[in-house]
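S.K.:
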Amino acid sequence: MEPSEKLETPVTTIREIGQHEGQTVTLRGWLYNLRESGKLLFPIFRDGSGVIQGVVAKNAVSPDLFDSIKGLTQESSVIVTGKVRADKRAPGGYEMDVTDAQVVQRVNPDDPYPISPKEHGVDFLMEHRHLWLRSPRQAAILRVRAEIIKAARDYFDDRGFTLTDPPILTPAACEGTTTLFPVDYFDEQAYLTQSGQLYIEATAMALGKVYSFGPTFRAEKSKTRRHLTEFWMVEPEVAFATLDDLMTLAEEFITFIVKRCLEKRRPELETIGRDLSQLEKIATPFPRISYDEAVQMLQEGHAKGLVENKFEWGGDFGSPDETYVSSQFDRPVMVHRYPAAIKAFYMEPDPQRPEFALCVDVLAPEGYGEIIGGSQRIGSYDLLLKRIHEHELPEDAFKWYLDLRKFGGVPHAGFGMGIERAVAWICGLEHVRETIPFPRTLHRLYP
RNA sequence: UCCUCAGUAGCUCAAUGGCAGAGCAUCCGGCUGUUAACCGGAGGGUUGUAGGUUCGAGUCCUACCUGAGGAGCCA
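Going by this note's numbering, the residue at position 442 of the first sequence is 874; the numbering climbs one at a time, nothing skipped.
(1) Just grab the DSSP bridge partners of Asp793 for me.
(2) Looking only at its own chain, which residues have a Cβ that is under 8 Å from the Cβ of Tyr411, when we skip the five neighbours before and after it?
(3) Which residues in the same chain as Ile820 place their Cβ atom closer than 7 Å to its Cβ, once the five residues preceding and following it in sequence are excluded?
(4) Would you call the CB atoms of Phe663 and Thr680 closer than 7 Å?
(5) From this set, Ser627, Asp616, Ile632, Ile580, which residue's C-alpha is nearest Thr594's C-alpha?
(6) When you compare the CB positions of Phe743 and Gln760, do they come within less than 7 Å of one another, or not?
(7) Cα separation between Pro541 and Glu866?
(8) Could you round the C-beta distance between Ala937 and Gly640 to whole angstroms and report it? I think they count as a contact, below 8 Å.
(9) Below 8 Å CB to CB, which residues in the same chain sit around Arg538 once its five sequence neighbours on both sides are set aside?
(10) Considering only DSSP beta bridges, list what Pro891 is partnered with.
(11) Could you tell me the distance, in whole angstroms, from the CA atom of Arg658 to the CA atom of Thr456?
(12) Could you check what DSSP says for Arg650 in three-state terms: helix, strand or coil?
(13) May I have a chain-ordered list of the alpha helix (DSSP H) segments no shorter than 4 residues that lie completely inside the stretch 623 to 692?
(14) Quick one: any contact between the stretch 477 to 495 and the stretch 520 to 532, if contact means 3 or more CB pairs under 8 Å?
(15) I need the DSSP call for Thr505, collapsed to helix, strand or coil.
(16) In three-state terms, what does DSSP make of Asp580?
(17) Please classify Gly553 as buried or exposed, where buried requires at least 16 other C-beta atoms within 10 Å of its C-beta.
(18) Under 8 Å Cβ to Cβ from Leu881, same chain only, skipping five residues before and after it: list those, please.
(19) Using alpha carbons as the reference points, say which of Tyr723, Gln621, Arg853 lies closest to Ile580.
(20) Assess contact between the stretch 732 to 742 and the stretch 702 to 721, defined as three or more Cβ pairs (one per stretch) separated by less than 8 Å. Is contact present?
(21) Work out the CA separation of Leu463 and Ile547 for me, nearest whole Å.
(22) Distance check for Gly848 and Arg460, CA to CA, integer angstroms please.
(23) Mapping DSSP to helix, strand and coil, what is Ala572?
(24) Express the C-alpha separation of Tyr545 and Met665 in angstroms, rounding to a whole number.
(25) Mind checking whether Val765 and Pro719 have CB atoms under 7 Å apart?
(26) Over what stretch of residues does the alpha helix (DSSP H) that includes Gly461 continue unbroken?
(27) Would you kindly check if the distance between the Cβ of Arg569 and the Cβ of Val855 is under 7 Å?
(28) Compute the Euclidean distance between the alpha carbons of Thr873 and Thr661, then round it to the nearest angstrom.
(29) Can you name the residues that DSSP bridges to Ser722?
(30) Less than 7 Å between the beta carbons of Leu473 and Val488, yes or no?
(31) Between which two residues does the beta strand (DSSP E) carrying Leu472 extend?
(32) Where does Leu825 sit, in a helix, a strand or coil, going by DSSP?
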């Protein structure tokens, strides 16, 4: 800005307006709503940091200013100047007596802002997701999401982990092609990654403790409140770690993130309407139960009539099963040692009972289901090769992965946490589609 | 892929087989403390699509389309 253009009043944000009580300041933002009562106007402004009500009395301002505010339509962009006044009637504690306003762009009333301050259906809101993000609730969710991501990265960065980014474009199928999005890669078949795990096993052998944070793609035809086709995962991988080390890492990691959100994003969580007492219970240690114990819990639940279906030992838990098991605890529960037959090919068998895998799922409370899945990885070259054959996977594609066991194989373990499921749980949301700015689901690629 | 539900004004929803309605939004008017403000008025419709039954279909039947929730699968 040139010195000659310097504004006479300080430009501030609604978040910081309390520091300017009694002063005249300038805000830059949008009209959120306009109420009027005769010769009084109550324009409500938002600027991305908060919401504040302005007051314009007809006998206190010029006719031009009064008319230009009176003519403002919802979401018109505007630069307003006024005197900040504390008022106990105001939700944020402050109001602004407007003394000047410059309309940057007035929304045409013939084509008004589609999202009125009334109720709307999900499909309509999703069709206007690019505008829906302006609502206070959606903005608050995105701030909590950003805090969760920052907390996750801080947790690992401060504990000797190195961020290593796995590729997003990957060659031939790793765990079967049915759930992969195919991409034409210069006339060669490539796929969007469905997990960075195999690659960060390689970087873990190079750097010791690593993590990745990036997008993941699954072409599953799932239409539930827990599924997106494009979602973000944070995945740590640790050389020489065992399953027990991994479970300790997972519970400390989740507790750290929840505490950080309570510390830094309490106003946003309150805007969303989260029951904070549920989050304040989250502390280490988390309960650790084996698959066998979980199955017993489900069968007892069925006998009491609390679980609809009788669970057969050997199967994987369905969503209602996970909800029941997690409902028995007031914090996330870690279920470990599933039958190897229902788990991924790369998981280390339990040396005590080789038919079980050294793996763990972390189930969030309040019915949010699995937010973390992890395991100790196979350390032996011969066993891994055997598993690749058993799963009828192309050995050539895994040559590099086998090399990790050929050249100094060690016990190692890691997990993946789905960011959107963590955000949905911490915010107490009904659906993961509100946890990401532009969700991709089975039936939505727009906007 | 399967099960259930839904599609009527820009939005949210009503309408026993018998004239297509309301609230919000938009426009006009009123109100000096409104809190999703309120009060009065105006404009706004190919009832998802195609057939069928009927004197008459938004409503009943058939097929299809679109979407939502759930199952499976998964984080």
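Note that the Cβ used here is the ideal one computed from N, Cα and C, for glycine as well.
M.R.: Here's the rundown:
(1) In the DSSP output, where bridge partners are listed per residue, Asp793 has Val767, Gly805.
(2) Because the chain in this structure spans residues 433 to 879, residue 411 falls outside the shown range and cannot be described.
(3) When the five nearest sequence neighbours on each side are left out, the beta carbons in the same chain lying within less than 7 Å of the beta carbon of Ile820 are those of Phe777, Glu827, Phe830, in order along the chain.
(4) A distance of 7 Å or more separates the beta carbons of Phe663 and Thr680.
(5) If we check each option's Cα against that of Thr594, Ile632 comes out closest.
(6) Not closer than 7 Å, so no.
(7) Going by the C-alpha atoms only, they are around 29 Å apart.
(8) Because the chain spans 433 through 879 in this model, residue 937 falls outside it and cannot be assessed.
(9) Excluding the 5 residues flanking it on each side, Arg538 has same chain C-beta neighbours closer than 8 Å at Gly503, Leu504, Thr505, Ser508, in chain order.
(10) With the chain represented from 433 up to 879, any question about residue 891 goes unanswered, as that position is not in the structure.
(11) Their Cα atoms are separated by approximately 47 Å.
(12) DSSP places Arg650 outside both helix and strand once states are collapsed to three, so it counts as coil.
(13) Counting only runs of 4 or more, we get 629 to 639.
(14) With a cut-off of 8 Å, the stretch 520 to 532 and the stretch 477 to 495 count as touching, because enough Cβ pairs lie within range.
(15) Three-state DSSP puts Thr505 in coil, outside helix and strand.
(16) For the sequence presented, residue 580 should be read as Ile rather than Asp. Ile580: helix per DSSP, three-state reduction.
(17) Exposed.
(18) Missing from the structure shown is residue 881; the chain here goes from 433 to 879 and no further.
(19) Scanning Tyr723, Gln621, Arg853 for the CA closest to the CA of Ile580 turns up Arg853.
(20) No: the two stretches stay apart, fewer than three of their Cβ pairs being nearer than 8 Å.
(21) The alpha-carbon of Ile547 is positioned some 13 Å away from that of Leu463.
(22) Computed Cα separation, rounded: 41 Å.
(23) Here Ala572 sits in helix by DSSP.
(24) So the alpha carbons of these two residues sit roughly 35 Å apart.
(25) For the pair Val765 and Pro719, the CB atoms are nearer than the 7 Å cut-off.
(26) First-last for Gly461: 456 to 469, but that is the beta strand (DSSP E), not the alpha helix (DSSP H).
(27) No, the pair does not count as a contact, with Cβ atoms beyond the cut-off.
(28) Computed Cα separation, rounded: 5 Å.
(29) Answer is His768.
(30) With contacts defined as CB atoms closer than 7 Å, Leu473 and Val488 qualify as a contacting pair.
(31) Element bounds for Leu472: 472 to 478.
(32) Coil, per DSSP.
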